[in-house]
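In this note's numbering, the protein residues as written are -19 to 69. Using N, Cα and C, we set each Cβ at its ideal position, and we do this for glycine too. Computed from a prediction, not measured in an experiment: that's the story for all the values here. Here the structure is laid out as structure tokens; the discussion comes afterwards.
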């Protein structure tokens, strides 16, 4: 979604705001859920329960390396305006 927002913004598409909102909501949900490592930072691969609360305690470099794309960095900067997101950005 973040990449789609980036492309639609470049093309001057009016749906850019909607894509950015979805990307922001997804990043916020990832940051608030069990997939985010609240102690060491970064993201676990997946969770072991249906509620996405209990993480599988494995963090893979290639999973985390894909996250800081320019689009995700943009979303992180915008989310960093809230106190709880500052540490994630």
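Asked	Found
For the alpha helix (DSSP H) holding residue -4, just list the boundary residues, first then last.	-4 to 12
For the structure I just gave you, are there three or more beta carbon pairs, one from the segment 37 to 49 and one from the segment 10 to 26, closer than 8 Å?	yes
Return the first residue and the last residue of the alpha helix (DSSP H) that residue 43 is part of.	41 to 45
Going by DSSP, name the residue or residues bridged to residue 16.	23
Between which residues of its own chain and residue 14 is the CB-CB distance below 6 Å, once the five residues before and five after are set aside?	27, 32, 33, 34 and 35
Return the CA-CA distance between residue 9 and residue 17, expressed in angstroms with no decimal places.	13 Å
Taking 7 Å as the limit between beta carbons, can you name the residues of its chain near residue -5, skipping five residues before and five after?	-12
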